[in-house]
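As given, the protein sequences belong to chains A and B, one line each in that order.
Numbering (the numbering used here) for the first sequence: 10 to 303.
Numbering (the numbering used here) for the second sequence: 27 to 357.
We treat Cβ as the ideally placed atom computed from N, Cα and C, and that holds for glycine.
Inspection log for the structure reproduced underneath, given as structure tokens.
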Amino acid sequence: MTGAAGTLVGRRRARIAWTGPAGESSGIFTRYPFLIVVLLLSAFPVYWTFTIASQTNEAIGQTPPPFLPGGNFLANARRVFDTVEFAKALLHSFVVAGAITTSTLLFCSMAGFAFAKLRFRGRNALVLIVLVTMMWPVQLGVIPLYIEMQALGWAQHLVAVIAPTAVTGFGVILMRQYTIQAVPDELLEAARMDGCTSFGLYWHVVVPALRPAMAVLGLLTFMQAWNDFMWPLIVLSPQNPTVQVALSTLAAGHYMDYTLVLAGTAMATLPVLIVFAVFGRRIIGGIMEGAVKG
Amino acid sequence: MNSPADFAALSPSPLGPALRPRLPGIAKRALRWVDAAIAPYLYIAPFFLLFIGFGLFPILYTGYVSLTDRDLLRPGAETYIGLANFRELVGDDYFWNSVKNTFLLMVMCSVPQLVLALILAHLLTSIRRLRTLLRMGVLLPNVTSIVAVALVFGQIYSRDFGVVNWVLGVLGVDPIHWQAGDWTSRLAIASMVVWRWTGYNALIYLGAMQAIPKEQFEAAALDRAGTWRQLWHITLPALRPTIAFTALISLIGQMQLFSEPLLFDASPGSVSGGSARQFQTMTLFMYEEGFRLGHLGYGAAVAWIVLLLTFVVAAFAYAMTRRGMRAAGAV
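So this is what it looks like as structure tokens:
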């Protein structure tokens, strides 16, 4: 039973069971329960937001708390619109996130294309600078940025939220990587022979090829812009908020009215949840691919 | 003879006839020169102009603002006071308290987050059933906004109606006033950060793990190395650069921890980070000084110190990684 025979059996078993790094069968009984617990923990706070948002304050005060959604969501939502400028806030967030996404896609793909496919002096040094800006601690500049916005007359206006994040180093690097990968030089040469200017190359060759990467960047940018909080809180007023700022105003009342606050939170979270449900696989692909390259 | 138009007619063009040139000679040549010499800079200009205007300038300008005394409500009226803000800062107990809290929270947030992410990624690698569901599930926390996270966790940890206290009650533990205690409040805040970022880091690790050659695992499996030994001896060394990267990003992020402590406060609207400032971070302290009390110069001095500490932490993380890599190379 020992020696060669044992090893042989062991080997055969290992080969049959092989499905990945560790072999799925080797941990199937510990792996899935653990992952299901993680899944439930990940989903619970989101589920809980919607549960509390649809209850009454009396109901959530009970022991044990209600674990299923109730029927009071519309009433709570109405109170949200009565308490803060929520409709305006939603509109503002759509405008801000839409503008930032559009400009990010345009500027990052242009810069990415230039860095990937055009030759000019200082190119490599400039790419390095872009890389460094990815680690730039933007939040620490908020005080002078606020003074700057005041001087420009932009304080309290949406443009003050849009301008500082209208393009990101992360986006430029992502677009550059993808252009190198997805656009063969021969294609660009052929188009140049056709008399294309560099903008023609960008518009007719590079942009169509970049579509998948632009989708990922666009989704990530939209969600980030939608969720941004600190800078909008500083530069906008409660009368003229984005949706996250409106939520913080909602939570700053005299006492914590949880059904009210979480009804607002639910409505503010819904748009990103929809985006995530529809395009989630793409976003995950983007994050994992970034790791392989980076 | 061999004009571009002729060439295009011969070669199969992906673009079609609409794009063929119709410009006279001189204009064409001028355009071509501009296109080669100037156009590249035009494509990258928006990025650099916006970065200089709203990224570089503010951070540098912080240096000057920190040497002045100026009030939020009186824009333009400033006085140069030299290093007075920094001298005051050195003796400010509230500032040192925020430094202590930031570093405590940094450890409490980063370490569990990255360790859990690694384990999670390892368990996710060979999953077949429910693969997409599980991956989307672990990323779900990251797409919800920090504000939403902080508000719902505020409810979950609330003293009277919170789920956590209810569970503890079932287990026979008295209700805890999470927001009031030093460590309970920090633990609660750390749990929000860990919850929001673990899955995201796990996906980054998962992506990096897929680049490891499968043969290495096959060989290990044949040698009957168990799944955890494979993680330790194959995955971990291969992932070192990725781990270093995520650690750096996470540490820099935690230096700027702001929204969670701001919104977790038990008295709504307060920016002091708890009744005894038990969870006020440096960035929250900067916000309180600059935008609540209106001391823009003093707040800028805080920002400058945070910036220097960020560099120190980044250098430390870098050195640790180098050392870790060398140790791995030696083994």
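What did DSSP end up calling residue i once you bin it into helix, strand or coil?
i: residue 166 of chain A; result: coil
i: residue 91 of chain A; result: helix
i: residue 321 of chain B; result: strand
i: residue 31 of chain A; result: Model confidence at residue 31 of chain A stands at a pLDDT of 47, short of 50, so the residue's coordinates are unreliable; what they give is reported in the following sentence. Coil.
i: residue 40 of chain A; result: helix
i: residue 177 of chain A; result: coil
i: residue 292 of chain B; result: coil
i: residue 260 of chain B; result: helix
i: residue 300 of chain B; result: coil
i: residue 119 of chain A; result: helix
i: residue 192 of chain B; result: helix
i: residue 133 of chain B; result: helix
i: residue 63 of chain A; result: coil
i: residue 144 of chain A; result: coil
i: residue 238 of chain A; result: coil
i: residue 296 of chain A; result: helix
i: residue 267 of chain A; result: helix
i: residue 250 of chain B; result: coil
i: residue 86 of chain A; result: helix
i: residue 278 of chain A; result: helix
i: residue 283 of chain A; result: helix
i: residue 217 of chain A; result: helix
i: residue 189 of chain A; result: helix
Let's test the definition: count the other Cβ atoms within 10 Å of the Cβ of residue i and tell me whether it reaches 16, buried, or not, exposed.
i: residue 106 of chain A; result: buried
i: residue 288 of chain A; result: buried
i: residue 217 of chain A; result: exposed
i: residue 325 of chain A; result: Residue 325 of chain A falls outside the range modelled here, since chain A spans only 10 to 303, and no answer is possible.
i: residue 119 of chain B; result: exposed
i: residue 120 of chain A; result: buried
i: residue 121 of chain B; result: buried
i: residue 237 of chain A; result: buried
i: residue 64 of chain B; result: exposed
i: residue 143 of chain A; result: exposed
i: residue 126 of chain A; result: buried
i: residue 116 of chain A; result: buried
i: residue 162 of chain A; result: exposed
i: residue 225 of chain B; result: buried
i: residue 279 of chain A; result: exposed
i: residue 212 of chain B; result: buried
i: residue 157 of chain B; result: exposed
i: residue 72 of chain A; result: exposed
Over what stretch of residues does the beta strand (DSSP E) that includes residue i continue unbroken?
i: residue 104 of chain B; result: 104–106
Near residue i, what residues of its chain come up, given a Cβ to Cβ distance below 8 Å and the 5 sequence neighbours on each side ignored?
i: residue 96 of chain A; result: 90
i: residue 104 of chain A; result: 167
i: residue 140 of chain B; result: 227, 269, 272, 273 and 276
i: residue 291 of chain B; result: 205, 297, 298, 299 and 300
Looking at the secondary structure, which residues open and close the alpha helix (DSSP H) in which residue i lies?
i: residue 208 of chain B; result: 208–235
i: residue 155 of chain B; result: Premise fails: residue 155 of chain B is in no alpha helix (DSSP H) and is neither H nor E.
i: residue 160 of chain A; result: 151–161
i: residue 66 of chain B; result: 65–77
i: residue 212 of chain A; result: Careful: residue 212 of chain A lies outside any alpha helix (DSSP H) and carries neither H nor E.
i: residue 89 of chain B; result: 83–91
i: residue 246 of chain A; result: Looking at the DSSP string, residue 246 of chain A is not in any alpha helix (DSSP H), and its letter there is neither H nor E.
i: residue 312 of chain B; result: 308–313
i: residue 111 of chain B; result: 110–116
i: residue 181 of chain B; result: 172–182
i: residue 197 of chain A; result: 194–202
Please go through the same chain and pick out, in chain order, the residues whose beta-carbon is closer than 7 Å to the beta-carbon of residue i, but skip the five residues on each side of it.
i: residue 64 of chain A; result: 75, 79, 81 and 268
i: residue 94 of chain A; result: 248, 250 and 255
i: residue 243 of chain B; result: 256 and 260
i: residue 286 of chain A; result: none
i: residue 314 of chain B; result: 297 and 298
Tell me, please, which residues DSSP counts as bridged to residue i.
i: residue 72 of chain A; result: Paired residue(s): none; residue 72 of chain A is not in a bridge.
i: residue 96 of chain B; result: B/104
Counting only the same chain and skipping the five closest in sequence on each side, list residues whose C-beta sits under 6 Å from that of residue i.
i: residue 241 of chain A; result: 170, 251 and 254
i: residue 104 of chain B; result: 94 and 96
i: residue 148 of chain B; result: 257
i: residue 292 of chain A; result: 228
i: residue 346 of chain B; result: none
i: residue 339 of chain B; result: 277
i: residue 221 of chain B; result: 167
Kindly indicate if chain C contains any beta-carbon less than 7 Å away from that of residue i.
i: residue 232 of chain A; result: Among the protein chains in the structure shown, which are A and B, there is no chain C.
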